[in-house]
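Comments concern the structure below.
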Amino acid sequence: MTDNTFDPVFPLGEKNDAFAQYFIGQSYLAPLTTEGVAVSNVTFEPGCRNNWHIHHSDGAGGDQILLCTAGSGWYQAQGEPPISLEPGTVIRVPAGTTHWHGAKADSWFSHLAFIVPGEGLRNEWLDPVADEEYRRLPKNGETV
1 MTDNTFDPVF PLGEKNDAFA QYFIGQSYLA PLTTEGVAVS NVTFEPGCRN NWHIHHSDGA
61 GGDQILLCTA GSGWYQAQGE PPISLEPGTV IRVPAGTTHW HGAKADSWFS HLAFIVPGEG
121 LRNEWLDPVA DEEYRRLPKN GETV
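Pasting the structure below:
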């Protein structure tokens, strides 16, 4: 790890090979609990981000909560400006929202991902975040 400001609280986990097709770059997954509310620590190498995606639910529930714990990253909902994620930032992603999240180009990034329990929960994976769109985002320390 090259970023001196990256000090993870939770384990890095294993390479996230099961979902690698939905990420640009390397991510790591450490499931913390699957009882009640599923919680995982997801870590992204610099420049790594997931594709645009949607968390669906057949009723109540299905929201995703992202809690940044280390490093610096991005969250963006479709049609909205990107939000810089720093340790302590919390994002609620309502079910049905098209969005992506990942590391800044020059920083490692970790977040806890919580999924609010519900019926018929599933992910719909969409297109990758275009390289040219991602490269326009500010680097660590720059403003949006």
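When the letters of the sequence shown are read in order and numbered with full-length UniProt numbering, they come out as residues 1 to 144.
Ideal placement from N, C-alpha and C gives every residue a C-beta, glycine not left out.
Secondary structure of residue i, DSSP reduced to three states
i   : result
A70 : strand
F19 : helix
T2  : At T2 the pLDDT is 46, less than 50, meaning the model places this residue with poor confidence and gives no usable figure here.
E86 : coil
Q76 : strand
L12 : coil
T34 : coil
Straight-line Cα distance separating residue j from residue i
i    : j    : result
G71  : G118 : 30 Å
T97  : P8   : 28 Å
P88  : H53  : For the sequence presented, residue 88 should be read as Gly rather than Pro. Near 23 Å, if we compare the C-alpha coordinates of H53 and G88.
W74  : P138 : 10 Å
A77  : T34  : 26 Å
I91  : I65  : 6 Å
P128 : R136 : 15 Å
E14  : H101 : 19 Å
A30  : A20  : 15 Å
Continuous beta strand (DSSP E) stretch holding residue i: start and end
i    : result
E124 : R122 to W125
R135 : Looking at the DSSP string, R135 is not in any beta strand (DSSP E); the run it does join, the alpha helix (DSSP H), is D131 to R135.
W100 : H99 to A103
Nonlocal neighbours in the same chain, by C-beta distance under 8 Å from residue i, ignoring five residues either side
i   : result
H56 : G62, A95, G96, G120, L121, R122, N123 and E124
Neighbourhood of residue i by C-beta, 6 Å cutoff - its chain only, sequence neighbours within 5 removed
i   : result
A38 : I115
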